[in-house]
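In terms of my numbering, the sequence shown is numbered consecutively and its last residue is 499.
Ideal placement from N, C-alpha and C gives every residue a C-beta, glycine not left out.
Below is one structure, written out as C-alpha cells; the observations come after it.
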Amino acid sequence: MSVILKCDSISKAFPGVQALDNVQFELCRGEIHALCGENGAGKSTLIKIITGIYQKDSGNISFNGKNIHYKSAQECRGAGIALIPQEIQLAETLTVAENILMTNYPLKRGIVSWKEMYKKTGELQKRLGRTALSFRPDETVKNLNMGQKQLVEIMKAISMDVKIIAFDEPTSSLSEEETESMFALVKQLTVEGVSIIYVSHRLAEIFRICDRVSVFKDGKYVGTRDTGAVTPRDIITMMVGRDIKLYERTEQKETGEAVLEVKNLKWKNKVKNLSFTLNKGEILGMFGIVGSGRTEMARALFGIEAKEDGEVYIRGQQVNIKSPEDAVKLGMGFVTEDRRSEGLSLVAGVAENVTLPFFRKFLRAGILNFRKEHAEVQRFIDLLNIKTPSLETKTENLSGGNQQKIVIAKWIGADSSIFIFDEPTRGIDVGAKSEIYRLMDELSRKGNSIIMISSELPEIQTMSDRLLVFKDGEIVKEFTDVFALGEEQILEYAIRS
3 MSVILKCDSI
13 SKAFPGVQAL
23 DNVQFELCRG
33 EIHALCGENG
43 AGKSTLIKII
53 TGIYQKDSGN
63 ISFNGKNIHY
73 KSAQECRGAG
83 IALIPQEIQL
93 AETLTVAENI
103 LMTNYPLKRG
113 IVSWKEMYKK
123 TGELQKRLGR
133 TALSFRPDET
143 VKNLNMGQKQ
153 LVEIMKAISM
163 DVKIIAFDEP
173 TSSLSEEETE
183 SMFALVKQLT
193 VEGVSIIYVS
203 HRLAEIFRIC
213 DRVSVFKDGK
223 YVGTRDTGAV
233 TPRDIITMMV
243 GRDIKLYERT
253 EQKETGEAVL
263 EVKNLKWKNK
273 VKNLSFTLNK
283 GEILGMFGIV
293 GSGRTEMARA
303 LFGIEAKEDG
313 EVYIRGQQVN
323 IKSPEDAVKL
333 GMGFVTEDRR
343 SEGLSLVAGV
353 AENVTLPFFR
363 KFLRAGILNF
373 RKEHAEVQRF
383 IDLLNIKTPS
393 LETKTENLSG
403 GNQQKIVIAK
413 WIGADSSIFI
423 FDEPTRGIDV
433 GAKSEIYRLM
443 DELSRKGNSI
453 IMISSELPEI
463 QTMSDRLLVF
473 KDGEIVKEFT
483 DVFALGEEQI
493 LEYAIRS
C-alpha cells in the first residue's frame, strides 16, 4: 500500500510537559492504523497536530506527498483530514442535522432548505446502520446520550469528502451492538479508500480491526508492528517497558447490611419504577446498552436530575435528595462518565480540583490555609499514584488516567461512603485501569459501597459482587454469582426483545 500521510521528527511541549519528543508515524492508503500507549504517551497530541487542532513545535508532516501545516481543524477538514474526538464537541442547542451540515448547509435560492438537510442527514444515518436511527435529524443534540452524540460526530466527518479520519477512543461510550456497527462502518470506509487512524486503549479492538499498530511511550515513538505478527501482551510490554500484571479478583467477597435502598424511582420515562439495594462493602455492577437507563438512574439518585417519583433510604432513614449538595452531605460521591466537563475544572490546578468538595475544612476566619490544603492533596497524590509536575498544574494538561484519579481523590477526601462510578475506566490505559480496579476493591473492603456502571463486560465480570442488567429504563435481571457468568448470558438480557 502507498503512503498517504507521513510524520517525521514531530515534537510538542506544553507547560511542564514534553508531550511529543521527535516522533514518527506513517499511514498507508486504505489501512486502519492504531496508535497505542499509556495515558500521557502522546497519542492524542499527535492526532491533534495531524488534524490542525495543535501546532507542532518542530518536524514535518506530508499529506499525499506534499508538506502541510494546517492552522485550524476547519482548514484541515476542508483539505480531507477529520478527527472524531474522544470528548464530544457539538453545538448542544442545535439539531442533529444542523450540527452535521454546519459548514455546508444546503441552500435553495439563498435560504436553508430544511427538507434537503433532513434528507441528507437521514441518508447518513442509514449509512451508519440501525444504531444511528435511534434519533431524528431534527432532535436537539442536548437530548442525546453520549453514544448518540458520538455517532453525530462520525456523521459530521463522513458528510465531507475526507481521505483520512482519526478516531480517538471511538467506542468508549458505545454499547456492544453499537460497537459492532462502528467496526462495520470503519471497514466500509477503508473499502471506499479512506485511511483510518485509530486510537484506543482496548487492545481487543485493535487486534480485531487494525492492520498495524504504532506504540508510543512518554512522548516517544517505540515502534510499529503488524497486528498479525504480535500478541496483546507484546504490545503491553512495548507500552509500559515491562511485563505488567493485570488486576484480577479471584473470589467473591462477603458484604454487609443494606446501606442504600431505592424504591420505585422514576424519571422522564427513562427510569421506570427502579428498585434495588446496595450493601455495605459491595460493588454493585450495572450493565446495559447505551440509553438503557443506568446513567439516568445515577443522575436522578445523586440529585443532578429531579426524580419524578420514588423513595431513597440511606442506612434505614428516608432521605430527600434534591441536589448534588444534598447527596454529598449524605456521604455520596459521583465519578461521572464525562470527567472533563462534569467532574473537573480543567483550567484549575490539581489541588483546587481535589479539595473542591471539602475546601472549607482548610478555612480559618475565611482565609484558606494553603499549607494544610497542599499537605492533604499531596497525601492523595501519593495514595493514588497521581502523576503531575506540581499541585498547581492545570488538570487539562494531565493524562486521562490521572484526571480520573483526581476525581476519585475528590470524593474520598469528602469522606464519601457511597460511591457511584459511571464508566470508571473510560478512555484510560491498561496500567491505569488496573490501578483504578485495585483502588475500588480497597475502598469496598474498607466498608465503602460502590455502584459501578460500565459498558465493558470484562470489567463488569472482574469487579462486580452482584450485577443488575438494565434495558429500556428497567432492571430486567439480577445476577448474584457474577464470577460464574459468561458474557453471552449477561448480554442476552441487555438486548433481548
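Selection from the options that minimises the alpha carbon distance to residue i
| i | options | result |
| --- | --- | --- |
| Phe503 | Cys38, Gly449, Thr239 and Glu378 | With the chain covering only 3 through 499, there is no way to say anything about residue 503. |
| Ala15 | Ser74, Glu33 and Ser60 | Ser60 |
| Ala231 | Tyr223, Asp220, Arg210 and Lys58 | Arg210 |
| Phe65 | His203, Ala75 and Lys165 | Lys165 |
| Lys2 | Ile199, Leu470 and Gly345 | Nothing about residue 2 can be read from this structure; the chain reaches only from 3 to 499. |
| Ala99 | Phe278, Tyr120 and Ile160 | Tyr120 |
| Asp163 | Ile438, Leu103 and Phe137 | Leu103 |
| Ala486 | Ile316, Gly18 and Ser466 | Ser466 |
| Glu490 | Thr192, Glu179 and Lys110 | Glu179 |
| Gly82 | Lys158, Asn62, Leu48 and Phe336 | Lys158 |
| Ile420 | Glu77, Leu286 and Ile63 | Leu286 |
| Lys500 | Thr226, Thr464 and Leu191 | Past the boundaries of the shown model lies residue 500; the chain is included only from 3 to 499, so the question cannot be answered. |
| Met288 | Ala496, Tyr439 and Ala353 | Ala496 |
| Ile438 | Asn275, Ser343 and Leu386 | Leu386 |
| Asp483 | Ile238, Gly475 and Leu470 | Leu470 |
For residue i, three-class secondary structure by DSSP
| i | result |
| --- | --- |
| Asn106 | coil |
| His376 | helix |
| Thr142 | strand |
| Glu339 | coil |
| Val409 | helix |
| Arg111 | coil |
| Asp236 | helix |
| Glu259 | coil |
| Ser499 | With a pLDDT of only 46 at Ser499, under 50, the local geometry of the prediction cannot be trusted, and no value is derived from it. |
| Arg204 | coil |
| Gln190 | helix |
| Ala509 | Residue 509 lies beyond the range of the chain shown here (3 to 499); nothing can be said about it. |
| Arg317 | coil |
| Lys270 | coil |
| Ser457 | coil |
| Phe13 | Reading off the sequence shown, one finds Ser at residue 13, where the question assumed Phe. The answer is strand: DSSP assigns Ser13 an E or B state. |
| Asp384 | helix |
| Glu398 | helix |
| Val349 | coil |
| Ala168 | strand |
| Ile500 | The shown model of the chain, from 3 to 499, leaves out residue 500, and the question about it has no answer. |
Any non-hydrogen atom of the ligand FAD closer than 6 Å to residue i Cβ
| i | result |
| --- | --- |
| Gln20 | As for the ligand FAD, it is missing from this structure, which has no ligand bound. |
Presumed contact (8 Å Cβ cut-off) between residue i and residue j, rounded CB distance
| i | j | result |
| --- | --- | --- |
| Leu393 | His376 | 6 Å |
| His35 | Asp213 | 7 Å |
| Ile462 | Ile492 | 7 Å |
| Ala434 | Gly221 | Contact flag wrong, Cβ pair sits at about 17 Å. |
| Ser451 | Glu284 | 6 Å |
| Asn501 | Pro17 | The question about residue 501 has no answer, for the chain in this structure spans 3 to 499. |
| Thr95 | Lys144 | 6 Å |
Counted within 10 angstroms of its Cβ, other Cβ atoms place residue i as buried (16 or more) or exposed
| i | result |
| --- | --- |
| Arg381 | exposed |
| Ala308 | exposed |
| Thr105 | exposed |
| Pro172 | buried |
| Ser499 | Note that Ser499 scores 46 on pLDDT, short of 50, meaning its location in the model is unreliable; the coordinates nonetheless yield the value given after this. It counts as exposed. |
| Met241 | buried |
| Ala302 | buried |
| Asn500 | This structure cannot settle anything about residue 500, because the visible part of the chain is limited to 3 through 499. |
| Arg79 | buried |
| Lys331 | exposed |
| Arg468 | buried |
| Leu126 | buried |
| Glu480 | exposed |
| Asp170 | buried |
Residue-level contact to chain D via CB, residue i, 7 Å cutoff
| i | result |
| --- | --- |
| Asn355 | Included in the structure is just one protein chain, with no chain D present. |
query = Looking at C-beta atoms only, is the number of pairs between the region 81 to 94 and the region 144 to 151 that lie closer than 8 Å three or more?
reply = yes
message = Using a Cβ distance threshold of 8 Å, determine whether the region 289 to 304 contacts the region 450 to 464, with at least three qualifying pairs required.
response = yes
Touch test, the region 422 to 438 against the region 390 to 406, Cβ-Cβ under 8 Å, three pairs minimum = yes
inquiry  = Could you check whether the region 192 to 201 touches the region 69 to 79, counting it as contact only if at least three pairs of C-beta atoms, one from each stretch, sit closer than 8 Å?
reply    = no
inquiry  = Taking 8 Å as the cut-off, does the region 366 to 374 touch the region 326 to 337 (at least 3 CB pairs, one atom from each stretch)?
reply    = no
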